[in-house]
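This report refers to the structure that appears directly beneath it.
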DNA sequence: TATTTTACCTAACACCGTTAGCAAAATTAA
DNA sequence: TTAATTTTGCTAACGGTGTTAGGTAAAATA
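Residue numbers (UniProt numbering), protein chains in the order written: chain V, 1 to 200; chain R, 1 to 200.
Written as structure tokens, this is what we have:
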């Protein structure tokens with residue numbers, strides 16, 4: 001009964017090729033210009049085949065979003081591991097998040113493209129809870145070590161994520177020119193403020 | 001030659017009705033669902049008439065964006081006037097900005113819908129420079145009164161706007177339920193951190 | 001070999017933004 | 001008042017979108 005296996009394997013290959021083609025198109029023309037027909041042409045199948053693998057276009061973007069968070073999480077873990085103190089961990093993760101956003105603009109724009117992940121969407125992206133967990137841990141440590149141990153860590157996680165995202169999205173417009181140094185300063189400014197805000 | 005006047009007036013009326021219809025549609029179905037054809041039907045004109053008044057669909061959204069910033073600016077001015085100290089001014093404006101966003105979600109989403117206003121877009125929205133000016137003034141005052149008078153006020157404006165926008169956009173997803181109090185805390189947290197960050 | 005399942009495609013539906021080209025109405029000139 | 005001209009607004013189309021119904025040919029099963 002190796003036939004069923006072969007078929008499954010082939011189906012998985014087509015699915016993968018859809019995602020790869022979609023990703024190439026996003027890289028080349030931006031996620032706004034992604035279309036089912038372009039994907040179909042790229043994978044050399046007819047349009048309806050795509051709907052055998054994904055319910056709709058949004059599901060494809062959702063899958064790319066998941067991939068983005070996977071990649072981001074991996075880099076956050078690496079950043080955390082390389083850091084010593086709790087404080088350094090938070091700083092390293094903020095920096096890693098920032099770096100990820102600018103080194104993977106296409107991913108970041110897909111991940112937050114339709115606006116911030118909506119309530120329904122959040123539950124579909126399991127990677128998001130990993131993400132939250134990663135950042136929550138050092139925040140809890142920092143709170144425990146600070147002078148206000150009853151501070152709500154979720155509140156701080158919320159703040160951390162929100163502000164960082166805000167900084168990035170507003171800086172992402174200027175893009176191009178010699179703003180890199182200014183941006184670095186904004187980031188450092190933020191981290192310093194955030195950490196001392198918890199310790200105080 | 002009152003004829004030309006009447007024609008001008010009529011043309012202006014049609015233009016206004018386009019914007020009003022567009023706004024109603026945005027309120028009812030969200031800006032993503034806005035379409036030229038729906039506007040045309042609402043104003044009881046054929047589709048091409050709309051292109052006599054606006055170059056394209058984006059121009060209509062741009063006009064709504066301008067209206068949004070006008071309204072926001074008005075509320076920021078009011079907030080600033082009602083506040084005493086420089087510090088209170090900044091807090092009041094942050095709160096007013098926040099309040100505007102949540103009381104006018106449709107506007108806020110149009111204003112930041114296509115992502116943050118891009119470099120080209122910024123120049124088309126004169127209201128944006130008014131906005132910047134409004135926030136810049138108290139920031140400058142606070143810097144002057146603080147212990148680091150050489151701090152770049154534009155950097156701080158940047159930070160202020162970015163973080164506030166981030167807080168709002170991430171909080172805008174949760175929307176609905178009993179998160180209002182938590183949100184208030186996040187905002188207060190932000191303001192406190194921002195102000196002390198400048199003074200220190 | 002006959003039958004059933006699977007894989008896949010063509011063609012369509014209902015939209016979208018945008019524009020070319022034309023008919024009718026309103027204005028101006030004779 | 002009639003003729004010429006401008007203005008106004010329309011129909012219809014082009015090329016695109018996401019999505020799906022329905023049919024055909026190939027492959028697997030009996």
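We put the beta carbon where it would ideally sit given N, CA and C, even for glycine.
For this session: Would you verify that the beta carbon of residue 102 of chain V is, or is not, closer than 9 Å to some beta carbon of chain R?
Result: Looking up residue 102 of chain V in the first chain gives position 102. No, because no Cβ of chain R sits closer than 9 Å to the Cβ of residue 102 of chain V.
For this session: Report back the beta-carbon spacing between residue 273 of chain V and residue 82 of chain V to the nearest angstrom; my notes put them in contact at under 8 Å.
Result: Coverage of chain V is limited to positions 1 through 200, which leaves residue 273 of chain V absent and any answer about it impossible.
Exercise. In chain V, which residues lie with their C-beta within 8 Å of the C-beta of residue 186 of chain R?
Worked result: Stepping through the second chain from its first residue, residue 186 of chain R is reached at position 186. Per Cβ cutoff of 8 Å: 155, 158, 159, 162.
Problem set entry | Endpoints, the alpha helix (DSSP H) within which residue 98 of chain R is located | For the purposes of this step, residue 98 of chain R is taken as the residue at position 98 of the second chain. Residues 86-103.
Exercise. For residue 98 of chain V, which residues from the same chain have a beta carbon less than 6 Å from its beta carbon, with the 5 sequence-adjacent residues on both sides left out?
Worked result: Reading the first chain from its first residue, position 98 is the one you call residue 98 of chain V. Hits under 6 Å: 187.
Problem set entry | Limits of the unbroken alpha helix (DSSP H) element including residue 24 of chain R | As a working mapping, residue 24 of chain R is identified with position 24 in the second chain. Where residue 24 of chain R is concerned, the enclosing alpha helix (DSSP H) stretches over 2-29.
Exercise. Within 9 Å (strictly less), CB to CB, does residue 130 of chain R reach chain V?
Worked result: What you label residue 130 of chain R is simply residue 130 of the second chain in a count that begins at 1. So no, residue 130 of chain R is outside the interface.
Exercise. If we ignore side chains and look at the alpha-carbon of each, how far apart do residue 125 of chain R and residue 44 of chain V end up?
Worked result: Stepping through the second chain from its first residue, residue 125 of chain R is reached at position 125. Stepping through the first chain from its first residue, residue 44 of chain V is reached at position 44. Approximately 44 Å between the Cα atoms of the pair.
For this session: May I ask you to verify whether the segment 123-140 of chain R touches the segment 163-174 of chain V, counting CB pairs closer than 8 Å and requiring at least 3?
Result: no
For this session: Starting from the N-terminal side, write out each stretch of the alpha helix (DSSP H) that is 4 residues or longer and does not extend beyond the segment 138-177 of chain V.
Result: 153-174
Exercise. Between the segment 80-94 of chain R and the segment 49-67 of chain R, do at least 3 Cβ pairs fall closer than 8 Å?
Worked result: no
For this session: Return no unless some Cβ of chain R is closer than 9 Å to the Cβ of residue 192 of chain V.
Result: Taking the first residue of the first chain as 1, we reach residue 192 of chain V at position 192. So, interface residue.
For this session: Excluding the 5 residues preceding and the 5 following residue 21 of chain V in the sequence, name in chain order all residues of the same chain whose CB lies nearer than 6 Å to its CB.
Result: If you number the first chain from 1, residue 21 of chain V lands on position 21. The residues are 39, 42, 43.
For this session: Write down every uninterrupted run of the alpha helix (DSSP H) in the segment 35-65 of chain R whose length is 4 residues or greater and which is fully enclosed by it, in chain order.
Result: 36-43, 47-50
For this session: Would you grab the beta carbon distance between residue 92 of chain R and residue 80 of chain R for me? Rounded to a whole angstrom, and I think it's under 8 Å.
Result: Sequence index remark: in the second chain, residue 92 of chain R carries index 92 (1-based). Sequence index remark: in the second chain, residue 80 of chain R carries index 80 (1-based). Sure, about 6 Å apart at Cβ, within 8 Å.
Problem set entry | Burial state of residue 158 of chain V, where buried means 16 or more other Cβ atoms lie within 10 Å | On the first chain, position 158 is the one that residue 158 of chain V refers to. Buried.
Problem set entry | Close beta carbons around residue 72 of chain R, own chain, < 6 Å, minus the five adjacent residues each side | Within the second chain, residue 72 of chain R is the residue found at index 72, counting from 1. 100.
Exercise. What is the rounded straight-line gap between the Cα of residue 25 of chain R and the Cα of residue 136 of chain V?
Worked result: Reading the second chain from its first residue, position 25 is the one you call residue 25 of chain R. Reading the first chain from its first residue, position 136 is the one you call residue 136 of chain V. Roughly 41 Å between the two C-alpha positions.
For this session: Could you name the residues of the same chain whose beta carbon sits closer than 7 Å to that of residue 183 of chain R, not counting the 5 residues immediately before and after it, in chain order?
Result: As a position in the second chain, residue 183 of chain R is number 183, starting the count at 1. Counting only Cβ-Cβ distances below 7 Å, and skipping sequence neighbours, we find 171.
Exercise. Looking at residue 198 of chain R and residue 148 of chain R, is the spacing between their C-beta atoms short of 9 Å?
Worked result: Here the question's residue 148 of chain R lines up with position 148 in the second chain. Here the question's residue 198 of chain R lines up with position 198 in the second chain. Cβ atoms of residue 148 of chain R and residue 198 of chain R: closer than 9 Å.
Exercise. Which chain V residues are close to residue 273 of chain R, counting only those with a beta carbon under 8 Å from its beta carbon?
Worked result: The structure shown does not extend to residue 273 of chain R, since chain R spans only 1 to 200, so no value can be given for it.
For this session: Tell me whether residue 83 of chain R sits in a helix, a strand or coil according to DSSP, three-state version.
Result: Start at 1 with the first residue of the second chain, and residue 83 of chain R comes out as number 83. Reduced to three states, the DSSP call for residue 83 of chain R is coil.
For this session: Output, in chain order, the set of chain V residues within a Cβ distance shorter than 8 Å of residue 197 of chain R.
Result: Residue mapping note: residue 197 of chain R aligns to position 197 of the second chain, counting from 1. Result: 189, 192, 193.
Exercise. Taking the alpha-carbon positions, what's the residue 95 of chain R to residue 7 of chain R distance?
Worked result: If you number the second chain from 1, residue 95 of chain R lands on position 95. If you number the second chain from 1, residue 7 of chain R lands on position 7. Approximately 44 Å between the Cα atoms of the pair.
Exercise. Is the CB-CB distance between residue 34 of chain R and residue 57 of chain R below 9 Å?
Worked result: Mapped onto the second chain, residue 34 of chain R falls at position 34. Mapped onto the second chain, residue 57 of chain R falls at position 57. Taking 9 Å as the Cβ cut-off, residue 34 of chain R and residue 57 of chain R qualify as a contacting pair.
Exercise. Taking the alpha carbon of residue 30 of chain R as the point to measure from, which residue in R/145, R/105, R/146, R/155 has its own alpha carbon closest?
Worked result: Mapped onto the second chain, residue 30 of chain R falls at position 30. It is R/105 whose Cα lies nearest to the Cα of residue 30 of chain R.
Exercise. Cα-Cα, which of R/32, R/64, R/3, R/2 is closest to residue 17 of chain R?
Worked result: By one-based count along the second chain, residue 17 of chain R stands at place 17. Ranking the options by Cα distance to residue 17 of chain R, first place goes to R/64.
For this session: Have a look at residue 194 of chain R and residue 23 of chain V and give me their C-alpha separation to the nearest angstrom.
Result: Residue 194 of chain R sits at position 194 when you count from the first residue of the second chain. Residue 23 of chain V sits at position 23 when you count from the first residue of the first chain. One C-alpha to the other measures close to 39 Å.
Problem set entry | Contact with chain R by residue 52 of chain V, beta-carbon distance below 9 Å | Translated into positions along the first chain, residue 52 of chain V becomes position 52. It does not: the Cβ of residue 52 of chain V has no partner Cβ on chain R nearer than 9 Å.
Exercise. For residue 185 of chain R versus residue 155 of chain V, is the C-beta spacing smaller than 9 Å?
Worked result: Position 185 of the second chain, counted from the start, is the residue given in the question as residue 185 of chain R. Position 155 of the first chain, counted from the start, is the residue given in the question as residue 155 of chain V. Their beta carbons are under 9 Å apart, which means residue 185 of chain R touches residue 155 of chain V by this criterion.
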